[in-house]
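Trainee:
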Amino acid sequence: MVQTWGQWMFRILALSILIHTSLCLKGMPRGQSDQGSKKVTVIANNNTLRDVFRSIKKQTGLEFFYSTAVLNQEEKVTVNMVDKTLDAVLGRLLQGKGLTWVYMDNIVRIGREEERKSSVGDEVVGDTAVTAQAISGKVVAADGTPIPGATIIIERTKDGATSDAEGKFSLSNTKANDVIAIRSVGFKSREISIKGKTLLVQLEIAVNALDETVVVAYGTSTMRSNVGALMVVKGETIANLPNRSFDKSLQGQVPGLLVTTGSGAPGGGLSNFVLRGIGTGGEKTQLSFRQPLIVIDGVPTVSVDFIEALGPSNAPPSTNALAQLNTDDIETISVLKDASAIALYGSKASNGVILVTTKKGKAGKTSFSFHHLSDVSSPIYKRNKSLNQHEYLELLKESYKNSDSSYWTDDRINSDLGSLFPTYSNAQGTPVFYDQEDWFKAIYNNTAITNTDELSISGGNDKTLYYFNTGYTSQKGTIKHTGFDRLSLRYNFSNQINPWIKIGLNSSLSYTNQSYLNSNSNGYFAGASGFPYTIPVLDPIHLKDGTYYLQPFVTPGSYFNNPLADLEYDINKTQSYRVITSLYGELKFLKDFTFRTDVGTDVLIAQIKQKTDPRLSTNIYSPPGVGEIQDFNDFYNRIINTNVLRYSRLLNGKHAINFLLGQEAQIERRNYFIGIKQGLSIPYLNDLSAATTVVDTRGTSSKTTLLSFFSQMNYSYNGTYHLSLSARRDGSSKFGERNRFGNYWSVGGGWELTNEAFLKQSKLLNYLKIRASIGSSGNSATINVVDRYNLVAAGNYNNLPAGIVTPGNPNIGWEKALNKDMGVDFKVFNERLSGTIDVYKRDISNLLYFITLPPNSGTVGVNGNIGKMQNKGVEVTISADAIIKDNFSWNISFNWSTNKNKLIKADVPLTTDGNFINKEGENFNSFYLVRWGGVNPDNGAPQWLDKDGKVTSTYSYDDRVIVGKPQPDGYGGITNNFRYGNWDLSFLLYYQYGYKIYDETSASMINDGANFPYMNQSKQALDRWQKPGDHAANPKRVLNNTATVDANYYTSTRFLFDGDFVRLKNVLLGYTFPTSWIRRIGISKARLYGQAYNLALLTKFKGIDPENIGIAGAQGFAYPQARSYSLGLDINF
1 MVQTWGQWMF RILALSILIH TSLCLKGMPR GQSDQGSKKV TVIANNNTLR
51 DVFRSIKKQT GLEFFYSTAV LNQEEKVTVN MVDKTLDAVL GRLLQGKGLT
101 WVYMDNIVRI GREEERKSSV GDEVVGDTAV TAQAISGKVV AADGTPIPGA
151 TIIIERTKDG ATSDAEGKFS LSNTKANDVI AIRSVGFKSR EISIKGKTLL
201 VQLEIAVNAL DETVVVAYGT STMRSNVGAL MVVKGETIAN LPNRSFDKSL
251 QGQVPGLLVT TGSGAPGGGL SNFVLRGIGT GGEKTQLSFR QPLIVIDGVP
301 TVSVDFIEAL GPSNAPPSTN ALAQLNTDDI ETISVLKDAS AIALYGSKAS
351 NGVILVTTKK GKAGKTSFSF HHLSDVSSPI YKRNKSLNQH EYLELLKESY
401 KNSDSSYWTD DRINSDLGSL FPTYSNAQGT PVFYDQEDWF KAIYNNTAIT
451 NTDELSISGG NDKTLYYFNT GYTSQKGTIK HTGFDRLSLR YNFSNQINPW
501 IKIGLNSSLS YTNQSYLNSN SNGYFAGASG FPYTIPVLDP IHLKDGTYYL
551 QPFVTPGSYF NNPLADLEYD INKTQSYRVI TSLYGELKFL KDFTFRTDVG
601 TDVLIAQIKQ KTDPRLSTNI YSPPGVGEIQ DFNDFYNRII NTNVLRYSRL
651 LNGKHAINFL LGQEAQIERR NYFIGIKQGL SIPYLNDLSA ATTVVDTRGT
701 SSKTTLLSFF SQMNYSYNGT YHLSLSARRD GSSKFGERNR FGNYWSVGGG
751 WELTNEAFLK QSKLLNYLKI RASIGSSGNS ATINVVDRYN LVAAGNYNNL
801 PAGIVTPGNP NIGWEKALNK DMGVDFKVFN ERLSGTIDVY KRDISNLLYF
851 ITLPPNSGTV GVNGNIGKMQ NKGVEVTISA DAIIKDNFSW NISFNWSTNK
901 NKLIKADVPL TTDGNFINKE GENFNSFYLV RWGGVNPDNG APQWLDKDGK
951 VTSTYSYDDR VIVGKPQPDG YGGITNNFRY GNWDLSFLLY YQYGYKIYDE
1001 TSASMINDGA NFPYMNQSKQ ALDRWQKPGD HAANPKRVLN NTATVDANYY
1051 TSTRFLFDGD FVRLKNVLLG YTFPTSWIRR IGISKARLYG QAYNLALLTK
1101 FKGIDPENIG IAGAQGFAYP QARSYSLGLD INF
């Protein structure tokens, strides 16, 4: 019933949106010419006006008409305006000349003031004629918001008026064709002819890059007045990238944000997403507990995982919330990093905050846009890494003979192999092995095609704005029978009911269908992504009768499935419905006060079906013939209500005060149920009822609540001195009464030195601001509401009833972080060179961690607060306009980040976990391994180094030392953007250095004859010891010799490699069609582009891919990344 309910909910909401949009479209007034809003790029360095007009003509198709008596076309100008409106460009070119312009069809007419005509964008509101002695009108911003306090002056008489709270004004004693000038602080001034009509005058924001509006916690600010460390990525920067999850598109774009691709699975997978250093995760290894808080239009979202319910080996990929968001809907992404930026989010912001703002409608005529993107992808793998059949048999027979040369003769070896691997009779009737087959070609899809189509509609008037987008993506995986489909709908709507009341809705709906790999049936290294490397080359894909060889031999006593049959016969699918909605109302009163209330919800309904065909085994220890079906239904819901009272005022033109007081309440619920049955006799049935034996049925429900109060005060004096104070108090039901509430705060300040007299006239320094902040944030993500209670798990021991008690910890409390930051923002050389430098330190106390208890305690462990950790680092961003010439420009930007992590204090002893250790004074999760000492040339035995650095032939855990860390010393990106005429070219280089990767793929494929000795090996295994005196990379191969192998439990630095790399991440070439070509068919803008993604890699890493690693720095046979080639088309109507 869940599926039916989810589908009908999706359909009803989608239909409601479509009906609402059609009604809005029906009532929208038609706008006039939008020539002046066309975007153009003018880069002139001492060029003539005539040349500049020619450049504009090439871009727009518009002809310029003017008299040389009023305009000197040979006048030299220098201007640098990229992607600006034509009105803005002409205003700059003609500034101070007493000239104006008017659009007439495809002509721009330039003349004197007295010849003015009504400019583009003015819209007749009604048909009522007014006398020459009186006019009325309304002044609004681009989004239709009324602009109070605007001055309207009649140029002829200098009489004037001021717009009221609704933006309305009236003037008397006017004449036909009088010109009025409209001015307002923060907006571009306009001068228009009144023409005896009631007017709607739209003003554009006068945007300097420093004055652009940026989204911050619970509101907006500008880069100039902001005192926090934040980075804004515009949606247009990532919209055309072939990523179906925008986290990967941020790679190399944001200093301090480390994005490592853990999987290339369709739908994006879930990246290793770390901001300003790692945090703890308790026992949890899920990335969602270490990631920054993601807020979409005011609603916090989470990528729901299924590890707790299904177990780590059987769980499907997490429902990546970022993959369920259409990237084309994104307007901006604000990455908040320091205390001043994140403190208002309190306990949710320990790992930073990423605010996603989606697109909204703009006042004016209805606009349509269409976006199409097709890409062809191939997997990034190393198919030549494995041995061919001749090499495989050479090593395997050598392993036999080295184990007992007197017994293992060639005949006995062949006989033994013949009993293990399938054979067929050749023409002479002799049993022979199958020829080696190409498992890579059979399993991988080298031409995986993905198509994305989107249609958006937006528009509005001075009261109502709307934006609607629908999109469909169909992505084929680079492994056959895997894929990802997404249907998305977005509807953003706002209405200014009257001057003091505004309401709005931001809503997204998505349906995703993901087919994924199930590694449980074949184990870690033998799933579909790893089997082409590891499967013994004597195993065929098909038998001679054309049927699958269903259970390839890997090692005695095991039941591995043919991965191709596994992909074709089994079902591993997740279907999910997600709704993220925010409904808000805004009330303005007493002139300077605004009250806003938001109600947001994030609803996820996930349905997971995993089926093992009875012809295949359910795991490597069970024979085939059983069959299994798992059905898992998950319902997740977060409801959040936010209320904010804001006071804003400018006193005496110098004192800007902004104060807010807020309250927030959140309820988070999750319910899931799983049913597992075996005994599936008919392979083609997929429902639970088709199986006979119940293996497991279970379900659970949880509920947590969060109550918060917060406030902030921002103050600026004369645009030079800035101060920000924030405070928040959070109370969570996860904690007991003694630790239920946590308090968080921040203080930040900024000083714009270039406003001071001693720098104001500087010709070199155009802008300089220093800023600093200190404050606290918190974390409770790893804690469950039941962690403070003693839990009993019922079970049996020796056929007697028994129970396991997991002790609770009633004293568990908030994890807290003290964040310190100091930054500098600058612009020099006429703003040709700009940059930002930040130095930060983050001290984390009351670390949340899973404390392992001794075995005799009868339990595994308990969550608790265990100590202190520190992250500190430096972030640098530099951007330079290297070349600015007529019709050609080149911009290069560079960012670099470094972070040093250290465990300062551990209140309890932390056990060493496998290859890692957490030790005071060292990096959290440092690699802790015995050092590899090479191969003894006399006997071919492996050697290691003891704690004193001396070579030994005895392996001991006591000889382990710290040998590196999985987090890089530095990382960043280099972006180049070129523009020539209508062509644009860009490319991104991404790099990481100073870290280690434990290569489990090499450890599996260079096993020295032990630990699955029949598994295929790496080409590197050929460099092995064969006789005394050999200086080889690998020891003597001995069949099933577990005493000396440096694999499995005998891990060392033998397979620990440097992970440094530089990757050419993206190359994009685009062409924007001239307006003169396309306007005849009703198209206002069209752009065609092609790109290559993951094009090249420079690294010394010996594994498959240095980016394809897990969160602990180990590389296994994960779903490979893809190299893709894309072709896209954007059309605006």
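Okay, so the sequence shown: first residue is 1 according to UniProt numbering, each after it adds one. Backbone N, C-alpha and C fix where the C-beta goes; we use that ideal spot for every residue, glycine too.
Identify every residue that forms a DSSP beta bridge with G418.
Mentor: G418 pairs with nothing; no bridge assigned.
Trainee: Measuring CB atoms only, is the region 702-715 touching the region 673-690, in the sense that at least three cross pairs come out at less than 8 Å?
Mentor: Contact fails: fewer than three Cβ-Cβ distances are below 8 Å.
Trainee: Three-state secondary structure (DSSP) at L567?
Mentor: DSSP places L567 in helix when its eight states are reduced to three.
Trainee: Check for me: the alpha helix (DSSP H) holding E398 runs from which residue to which?
Mentor: That run of the alpha helix (DSSP H) goes 389-403.
Trainee: Residues in its own chain within less than 8 Å of N426 by CB, not counting five upstream and five downstream?
Mentor: Closer than 8 Å at the Cβ level, and outside the excluded window around N426, lie V432.
Trainee: State the Cα-Cα distance for the pair A88 and G749, rounded to the nearest angstrom.
Mentor: Approximately 33 Å, taken between the alpha carbons.
Trainee: So the candidates are I457, L396, G483, S529; which of them puts its Cα closest to the Cα of F440?
Mentor: The candidate whose alpha carbon is nearest that of F440 is S529.
Trainee: Would you kindly work out how many angstroms separate the C-alpha atoms of G96 and L199, rounded to a whole number?
Mentor: Going by the C-alpha atoms only, they are around 26 Å apart.
Trainee: Assign R50 to one of three DSSP states: helix, strand, or coil.
Mentor: R50 falls in the helix class under three-state DSSP.
Trainee: In the DSSP assignment, the beta strand (DSSP E) including D999 goes from what residue to what residue?
Mentor: Its beta strand (DSSP E) spans residues 996-999.
Trainee: What residue does the beta strand (DSSP E) around W944 start on, and which one ends it?
Mentor: Looking at the DSSP string, the run of the beta strand (DSSP E) that includes W944 is 942-945.
Trainee: Between D247 and the rest of its own chain, which residues show a CB-CB distance below 7 Å, the 5 nearest in sequence each way excluded?
Mentor: Excluding sequence neighbours, D247 sits near V259, S271, F273, L322.
Trainee: Quick one: is N173 buried, meaning 16 or more other Cβ sit within 10 Å of its Cβ, or exposed?
Mentor: Looking at its Cβ environment, which holds fewer than 16 other Cβ atoms inside 10 Å, N173 is exposed.
Trainee: Would you mind working out which of T1099, E1000, R1080 sits nearest Q992, comparing C-alpha positions?
Mentor: Cα-wise, what sits closest to Q992 is T1099.
Trainee: Would you mind reading off the limits of the alpha helix (DSSP H) that contains G92?
Mentor: The residue asked about is misnamed: residue 92 is Arg in this sequence, not Gly. R92 -> alpha helix (DSSP H) spans 86-93.
Trainee: Counting C-beta neighbours from all protein chains within 10 Å, is the total for I1081 16 or more, i.e. buried, or is it exposed?
Mentor: With fewer than 16 other Cβ atoms within 10 Å, it is exposed.
Trainee: Output the residue ranges of the alpha helix (DSSP H) runs that lie fully inside the region 1004-1060 and measure 4 residues or longer, sorted by chain position.
Mentor: The qualifying runs do not exist here; there are none.
Trainee: Could you please give the first and the last residue of the uninterrupted beta strand (DSSP E) stretch that includes P379?
Mentor: Element bounds for P379: 364-379.
Trainee: Could you tell me the alpha carbon to alpha carbon distance between residue 1134 and I676, rounded to whole angstroms?
Mentor: Since the first residue shown for the chain is 1 and the last is 1133, residue 1134 is missing from the structure and cannot be characterised.
Trainee: Would V40 pass as a contact of L86 if the rule is Cβ separation under 7 Å?
Mentor: Their beta carbons are under 7 Å apart, which means V40 touches L86 by this criterion.
Trainee: Would I844 pass as a contact of V908 if the rule is Cβ separation under 7 Å?
Mentor: No, the pair does not count as a contact, with Cβ atoms beyond the cut-off.
Trainee: Can you list, in chain order, the residues of its chain with a C-beta nearer than 7 Å to that of V42? Leave out the 5 residues immediately preceding and following it.
Mentor: Within the same chain, V42 has close Cβ partners V52, S55, I56, V79, M81, V89.
Trainee: Okay, do the region 1026-1043 and the region 369-388 touch, 3+ Cβ pairs below 8 Å being the bar?
Mentor: Because the criterion of three Cβ pairs below 8 Å is not met, the region 1026-1043 and the region 369-388 do not touch.
Trainee: Ends of the alpha helix (DSSP H) at I1104?
Mentor: Segment: none, I1104 is in no alpha helix (DSSP H) and carries neither H nor E.
Trainee: Mark N830 as exposed unless 16 or more other C-beta atoms lie within 10 angstroms of its C-beta, in which case mark it buried.
Mentor: Exposed, since its Cβ has fewer than 16 Cβ neighbours within 10 Å.
Trainee: Enumerate in chain order the residues of its own chain whose CB-to-CB distance from A665 is below 8 Å, with the five nearest sequence positions on each side excluded.
Mentor: Result list for A665: I640, N641, T705, L706, L707, S708, in chain order.
Trainee: On the criterion of 16 or more Cβ atoms from any shown chain inside 10 Å, does G167 qualify as buried, or is it exposed?
Mentor: Under this definition G167 is a buried residue.
Trainee: According to DSSP, is L764 part of a helix, a strand, or is it coil?
Mentor: Residue state, collapsed to three classes: coil.
Trainee: Just confirm the distance between the C-beta atoms of T975 and P255, as a whole number of angstroms; I'd bet it's less than 8 Å.
Mentor: No, T975 and P255 are not in contact; Cβ-Cβ is about 12 Å, not under 8 Å.
Trainee: First and last residue of the alpha helix (DSSP H) that includes G235?
Mentor: 235-238 is the extent of the alpha helix (DSSP H) around G235.
Trainee: Are T597 and T581 closer than 7 Å when you measure CB to CB?
Mentor: Result no, Cβ atoms of T597 and T581 do not sit closer than 7 Å.
Trainee: Indicate whether V951 and T1053 have their beta-carbon atoms separated by less than 7 Å.
Mentor: Their beta carbons are not under 7 Å apart, which means V951 does not touch T1053 by this criterion.
Trainee: Consult DSSP for Y559 and reduce its assignment to one of helix, strand or coil.
Mentor: Coil, per DSSP.
Trainee: Please classify Y533: does DSSP put it in a helix, a strand, or coil?
Mentor: Three-state result, Y533: helix.
Trainee: Report buried or exposed for residue 1134, applying the criterion of at least 16 other Cβ atoms within 10 angstroms of its Cβ.
Mentor: This structure does not reach residue 1134, given that the chain is present from 1 up to 1133, and the question cannot be answered.
Trainee: Beta carbon of A727, beta carbon of W751: below 7 Å?
Mentor: No, Cβ-Cβ distance for A727 and W751 is not below 7 Å.
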